[in-house]
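Colleague:
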Amino acid sequence: MTVAPSLNKRLLRWSFSEIRHGQLWPISIALTLIIACVFALTALADRMEQVIVKQGKDALTADSVFVSANPLPTPLLVLTQKDKLPTSTMTRFSTMAFSDNGMKLVTVKAVDSQYPLRGELELSDGQTVTHQIEPNQLWLDERIFNELNVNIGDNVTIGDADFMVSGRVLQEPGLSFNPFQQMPSVFIHLSDVERTGAIQIGSRVQYQLFINAEEPTIEKLKNAITLTPSERWRDQDSGSRTNEVFERTQQYLSLTVAIVIIMAATTLVLTCQHYVSTRQRTIAMLKSLGASKRWVGRWLAIQVALLLGFAAVSGIFIGMGLEYLLRVPLVDLLPTPLPSYGLKPALVALTSSILIAVPALGIPLGHLLNVNAASVMQESRKQNRMRWNIVLILVPLVPMLTVYWQNKLVWIVFAGISVLFLILAVISVVVTRSLAKLPLNTSMKLALSRINRSSVATGIQFGALSLSLMLLAVMWLVRTDLLSDWQKTLPANAANAFAFNIATYEKDVYLATLDKANIERSEAYPIIRGRLTQINDVEAKTYAHGEGRSDALRRELNFTWSDTLPTYNDLIAGEWKHSNGVSVEQDVAEDLGLKIGDKLTFVINSQSIEATVNTVRHVEWRAMKPNFYFIFTPDLLKDIPSSWLVSFRIEQQHDGILTELSRNHPTVSLMDIRAMGAKIQDLLTQIVWSITVLALMGVISGILLIFTLLRLSLSQRQQEIRLYRTLGASRRRVTQTIWSEFGLMALVAGMVAALSADVVVASVMKFGFQLSPSLHLNMWLVLPIITFCTLAAVVNSLIRRLLVPINKAFN
1 MTVAPSLNKR LLRWSFSEIR HGQLWPISIA LTLIIACVFA LTALADRMEQ VIVKQGKDAL
61 TADSVFVSAN PLPTPLLVLT QKDKLPTSTM TRFSTMAFSD NGMKLVTVKA VDSQYPLRGE
121 LELSDGQTVT HQIEPNQLWL DERIFNELNV NIGDNVTIGD ADFMVSGRVL QEPGLSFNPF
181 QQMPSVFIHL SDVERTGAIQ IGSRVQYQLF INAEEPTIEK LKNAITLTPS ERWRDQDSGS
241 RTNEVFERTQ QYLSLTVAIV IIMAATTLVL TCQHYVSTRQ RTIAMLKSLG ASKRWVGRWL
301 AIQVALLLGF AAVSGIFIGM GLEYLLRVPL VDLLPTPLPS YGLKPALVAL TSSILIAVPA
361 LGIPLGHLLN VNAASVMQES RKQNRMRWNI VLILVPLVPM LTVYWQNKLV WIVFAGISVL
421 FLILAVISVV VTRSLAKLPL NTSMKLALSR INRSSVATGI QFGALSLSLM LLAVMWLVRT
481 DLLSDWQKTL PANAANAFAF NIATYEKDVY LATLDKANIE RSEAYPIIRG RLTQINDVEA
541 KTYAHGEGRS DALRRELNFT WSDTLPTYND LIAGEWKHSN GVSVEQDVAE DLGLKIGDKL
601 TFVINSQSIE ATVNTVRHVE WRAMKPNFYF IFTPDLLKDI PSSWLVSFRI EQQHDGILTE
661 LSRNHPTVSL MDIRAMGAKI QDLLTQIVWS ITVLALMGVI SGILLIFTLL RLSLSQRQQE
721 IRLYRTLGAS RRRVTQTIWS EFGLMALVAG MVAALSADVV VASVMKFGFQ LSPSLHLNMW
781 LVLPIITFCT LAAVVNSLIR RLLVPINKAF N
């Protein structure tokens, strides 16, 4: 009764000692990294997804929105009433608002008392805050109070109807930046639209039906309604582009964790295989002394359990801390209070680590478990366990295929790994064999002789080292390129004010006022509303049901004309001409299959205009500059009445100029977006910090893998180096040879990895993020330095033990 507990205690103590002296600690660190990173990503991704979904639905003010240029179709209203779905209706149009002191073109939003279904509408009468619009009420945007010079309780005329100002709009749901449509808003009740008299035949009106329902119900409604060219559905995915940065952040986080897992799993495999190679004779000796396979299995199982237990506890705690560090920069973006992430991140992290550990530890330890007692005298032949090994490999592979099936980035990296390992190995062997032909000193010749002794072993060693360096570089370079792209979202000198609805007769005076104040501005562009109706004499509505920007065919667009194309638009194809031509934005051209020479027909102000596609442009929509889907040559549109648009950059000292412009040009809509720009910059800074924190975890895992590779490589030379010492080689000669060999490894592997990293990063950026790739020459210097610094740490930690002659090592 007392033997078993005593035996278990001895096994436990021996297992602790074996972990310490058997160099198994990298396994525990690698497992800890896997658990921590997966835990942090899972917890943060859940929270970010909630933010994106919540913000998307709040911006829509509902789960889905039906938008039409005509009154809402009766069949749709009947279906929503039949299913008793929560709905709200808005009628939106532009008209003039008049007071005793001024006038202003405004956007009227007529809503019912149920608006909004999601998000917050805050209205203040100066004493209390309310959230619904009632009949006979008029609520004004803050800017209108100044421009009409009115106060709460004053009278304002909207169309033909007189209203008493009820108060201010403090917060409006669904507010998004669009300089062509977002005029100052006024809210009235839907029942008051008729008495305004503002909606007449030919008026530009937008009717919206907001619907709250589960996704299957929404899909049922969509399938039941046949859309006309003037109708469309808006949902979270198609409502706006504001989630692009969030989506790419999640993609990068997933990519980084995948790379961390790959490098940590490789560390597991290498460390365990090295342990097996050093313990085969020990297991054989134990079996020759009577230890059973079951006993050896228990001993190994205890070690694995201790490693997993330590990694689980430390990984969860580190993961919680990492999730907190990733979340702190996003505190302004996440909802308050934050929902608990529960046990899901811990379960996903532990399950992932166990699945990875099954083949990484199971295959080499399985070989060790089956070592024969006869191996004490001679090496035993490896047993055929191929079928069992394949089963172990499938344990993590099948779940990974399920989880990452649609993640293009991860598969790009895996494809790169599969192909590049062989390429890197071959290139490294060719380079080292070429270096051997050069006239070098004795230490360098000995080093190259040792490296080139076995092409297969050298290729595998260099391939693994180069691949680990490449993964490390890929993770960091993708981060760098993403941040560089995100900075384009709002450049430092971006325009922060837009003036539109500038009449032709006042354009020159308006621009002269800006120029006199030395305010940096864009060119002024005429704005004309119209619709694309035919493509090569085929009705354009046949293209209106596709995905992408072909959705723009279902609504009127803002057109412009110019003698030249904007300098900030890159010309992709064609040549700009000055007659009968139109330039098309690249994405629209791709979505509609347009090419140079195609004939397009537009309806503008009830006139039919034909133009030939002469150029295709790439447009950076985030640059805060006037941009257009279609730009016409002047001969086609210059005689059609239009208003003008100009963007410019203002500073605090220009506030007086803005006041003067608003007073002298009351019909011009002036939009100051400085506050919006500051918010975007803060958002990008916060996301940069979050990504950098996780990228640093990847750097740690990469350096751990490199350290393991170099340590195992140096350990494999242990007997050979001691033999050199026994045969009389000096410490200096051996030390120089070691540094020469590993210095060459650092140089060759670093350079090869830098080249391959640029290729993989270019593929990831182009096909994963749809961004233009760039060259990273600085990485050609950084990677060899990182490798050499890690190498120095390894060599310094082992050099004394390796320089001991064989006869002394056995004394």
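For the record, in the sequence shown the residue sitting at position 668 is 668 according to UniProt numbering, with numbers rising by one throughout.
Quick reminder that beta carbons are idealized off the backbone N, C-alpha and C, glycines included.
Can you give the Cα-Cα distance for GLU741 and ALA749, rounded to whole angstroms?
Modeller: Here residue 741 refers to the residue found at position 741 when the sequence shown is read from its first residue. Here residue 749 refers to the residue found at position 749 when the sequence shown is read from its first residue. Looking at the two C-alpha atoms, the distance is approximately 12 Å.
Colleague: For ASP162, write down the residues that DSSP places opposite it in a beta bridge.
Modeller: On the sequence shown, residue 162 is found 162 positions in, with the first residue counted as 1. Its beta-bridge partners are THR157.
Colleague: So the candidates are SER191, CYS37 and ARG232; which of them puts its Cα closest to the Cα of LEU72?
Modeller: Position 72 of the sequence shown, counting from 1, holds the residue named residue 72. Ranking SER191, CYS37 and ARG232 by Cα distance to LEU72 puts ARG232 first.
Colleague: Please report how far the alpha carbon of ARG118 lies from the alpha carbon of LEU79, in whole angstroms.
Modeller: Position 118 of the sequence shown holds residue 118. Position 79 of the sequence shown holds residue 79. The alpha-carbon atoms of ARG118 and LEU79 are separated by roughly 21 Å.
Colleague: Tell me the DSSP secondary structure of SER449 in three-state form.
Modeller: Position 449 of the sequence shown, counting from 1, holds the residue named residue 449. Three-state DSSP puts SER449 in a helix.
Colleague: Measure the beta-carbon distance from ILE144 to VAL106 and round it to whole angstroms, keeping in mind my assumption that it falls under 8 Å.
Modeller: Your numbering for residue 144 matches position 144 in the sequence shown. Your numbering for residue 106 matches position 106 in the sequence shown. Confirmed, Cβ separation roughly 7 Å.
Colleague: Rounded to whole angstroms, what is the Cα-Cα separation between VAL782 and ALA754?
Modeller: Taking the first residue of the sequence shown as position 1, residue 782 is located at position 782. Taking the first residue of the sequence shown as position 1, residue 754 is located at position 754. Roughly 9 Å separates the two Cα atoms.
Colleague: Grouping DSSP H, G and I as helix and E and B as strand, with all else coil, what is GLY167?
Modeller: Walking along the sequence shown from the start, residue 167 turns up at place 167. Three-state result, GLY167: strand.
Colleague: Taking the alpha helix (DSSP H) that ILE218 falls in, what are its first and last residues?
Modeller: Stepping through the sequence shown from its first residue, residue 218 is reached at position 218. ILE218 -> alpha helix (DSSP H) spans 215-224.
Colleague: Is the CB-CB distance between ASP63 and ASN212 below 8 Å?
Modeller: Along the sequence shown, one-based indexing puts residue 63 at 63. Along the sequence shown, one-based indexing puts residue 212 at 212. Against a cut-off of 8 Å, the Cβ pair of ASN212 and ASP63 comes out as a contact.
Colleague: Decide if LEU394 is buried, meaning its Cβ has at least 16 other Cβ atoms within 10 Å, or exposed.
Modeller: Translated into positions along the sequence shown, residue 394 becomes position 394. Exposed.
Colleague: Taking all protein chains shown into account, do 16 or more other C-beta atoms lie within 10 angstroms of the C-beta of ASP562, making it buried, or fewer, making it exposed?
Modeller: Working through the sequence shown from its first residue, we reach residue 562 at position 562. For the record, residue 562 in the displayed sequence is Ser; it is not Asp. Looking at its Cβ environment, which holds 16 or more other Cβ atoms inside 10 Å, SER562 is buried.
Colleague: Taking C-alpha atoms, which residue in MET745, THR787, HIS776 and LEU121 lies nearest to SER756?
Modeller: If you number the sequence shown from 1, residue 756 lands on position 756. For the residues MET745, THR787, HIS776 and LEU121, the minimum Cα distance to SER756 belongs to HIS776.
Colleague: Tell me the rounded alpha-carbon separation between ALA40 and VAL478.
Modeller: In the sequence shown, counting from the first residue as 1, residue 40 sits at position 40. In the sequence shown, counting from the first residue as 1, residue 478 sits at position 478. So the two alpha carbons sit approximately 20 Å from each other.
Colleague: Quick check on TYR115: does DSSP put it in helix, strand or coil?
Modeller: Within the sequence shown, the letter at position 115 stands for residue 115. Correct three-state label for TYR115: coil.
Colleague: For the alpha helix (DSSP H) that GLN736 lies in, which residues bound it at each end?
Modeller: Taking the sequence shown and counting its residues from 1, one reaches residue 736 at position 736. Here the alpha helix (DSSP H) through GLN736 covers 731-763.
Colleague: Please say whether VAL111 and residue 887 have beta carbons closer to each other than 8 Å?
Modeller: Nothing about residue 887 can be reported from this structure: the residues present for the chain run from 1 to 811 only.
Colleague: Nearest to LYS104 by alpha carbon, out of ASN501, SER774 and GLU651?
Modeller: Within the sequence shown, numbered from 1, the residue matching residue 104 stands at position 104. That would be ASN501, whose Cα lies nearest to the Cα of LYS104.
Colleague: Quick check on MET164: buried or exposed, where buried means 16 or more other Cβ atoms within 10 Å of its Cβ?
Modeller: Translated into positions along the sequence shown, residue 164 becomes position 164. MET164 is exposed by the Cβ-count criterion.
Colleague: To which residues does DSSP link THR504 through a beta bridge?
Modeller: On the sequence shown, position 504 is the one that residue 504 refers to. Answer is none; THR504 lacks a bridge partner.
Colleague: Which one of ASN518, LEU307, THR560 and TYR207 has the shortest CA to CA distance from ILE640?
Modeller: As a working note, residue 640 is residue 640 in the sequence shown. For ILE640, the nearest C-alpha among the options comes from THR560.
Colleague: Do the segment 569-589 and the segment 612-621 make contact, defined as three or more Cβ pairs closer than 8 Å?
Modeller: Contact between the segment 569-589 and the segment 612-621 is present, because at least three Cβ pairs lie under 8 Å.
Colleague: Alpha carbons only, please: which of PRO86, TRP576, SER484 and ARG649 is nearest the one belonging to ALA494?
Modeller: For this step, residue 494 is matched to residue 494 along the sequence shown. Measuring from the Cα of ALA494, the nearest candidate turns out to be ARG649.
Colleague: Pairs of beta-carbons, one from the segment 312-325 and one from the segment 340-357, closer than 8 Å: are there three or more?
Modeller: Output reads yes: the segment 340-357 touches the segment 312-325.
Colleague: Going residue by residue through the segment 603-635, where are the continuous beta strand (DSSP E) segments of at least 3 residues, counting only ones entirely within it?
Modeller: Here the runs fully enclosed are 607-618 and 630-632.
Colleague: Return the residue from the list HIS654, ARG433, THR432 and ILE631 that minimises the CA-CA distance to PRO526.
Modeller: In the sequence shown, the residue the question calls residue 526 occupies position 526. Nearest option by C-alpha distance: ILE631.
Colleague: Would you list the one or two residues that DSSP bridges to TYR525?
Modeller: As a first step, residue 525 must be located in the sequence shown, where it is residue number 525. TYR525 is bridged to LEU645.
Colleague: Could you tell me whether the segment 515-531 touches the segment 574-590, where touching means 3 or more Cβ pairs closer than 8 Å?
Modeller: With a cut-off of 8 Å, the segment 574-590 and the segment 515-531 do not count as touching, because too few Cβ pairs lie within range.
Colleague: Does the distance from the C-beta atom of ARG92 to that of GLN171 stay below 8 Å?
Modeller: Sequence index remark: in the sequence shown, residue 92 carries index 92 (1-based). Sequence index remark: in the sequence shown, residue 171 carries index 171 (1-based). No.
Colleague: Please report the distance separating the alpha-carbon of ALA793 from that of PRO26.
Modeller: The sequence position of residue 793 within the sequence shown is 793, counting from 1. The sequence position of residue 26 within the sequence shown is 26, counting from 1. Distance between the alpha carbons of ALA793 and PRO26 is about 15 Å.
Colleague: Quick check: the Cα distance between SER380 and LEU355, rounded to an integer number of angstroms?
Modeller: For the purposes of this step, residue 380 is identified with residue 380 of the sequence shown, where counting begins at 1. For the purposes of this step, residue 355 is identified with residue 355 of the sequence shown, where counting begins at 1. Per-residue confidence for SER380 stands at a pLDDT of 49, beneath the threshold of 50, marking its modelled position as unreliable; no derived number is given.
Colleague: Helix, strand or coil for ARG13 per DSSP?
Modeller: The sequence position of residue 13 within the sequence shown is 13, counting from 1. Residue state, collapsed to three classes: helix.
Colleague: Using a threshold of 8 Å, state whether the C-beta atoms of PRO116 and PRO173 are closer than that.
Modeller: Locating residue 116 in the sequence shown gives position 116, where the first residue counts as 1. Locating residue 173 in the sequence shown gives position 173, where the first residue counts as 1. Yes, Cβ-Cβ distance for PRO116 and PRO173 is below 8 Å.
Colleague: Using a Cβ-Cβ cut-off of 8 Å (strictly less than) and excluding sequence neighbours within five positions of GLU147, which residues of its own chain qualify?
Modeller: On the sequence shown, position 147 is the one that residue 147 refers to. Within the same chain, GLU147 has close Cβ partners GLY102, LYS104, PRO184, SER662 and PRO666.
Colleague: Among residues of its own chain, excluding the 5 on either side of ASP235, which ones have a beta-carbon nearer than 6 Å to its beta-carbon?
Modeller: Here the question's residue 235 lines up with position 235 in the sequence shown. Here the set comprises SER64.
Colleague: Please work out which residues of its chain come closer than 6 Å, Cβ to Cβ, to ALA499, disregarding the five sequence neighbours upstream and downstream, and give them in chain order.
Modeller: Taking the sequence shown and counting its residues from 1, the one referred to as residue 499 is at position 499. Taken in chain order, the residues that qualify are VAL646, VAL668 and LEU670.
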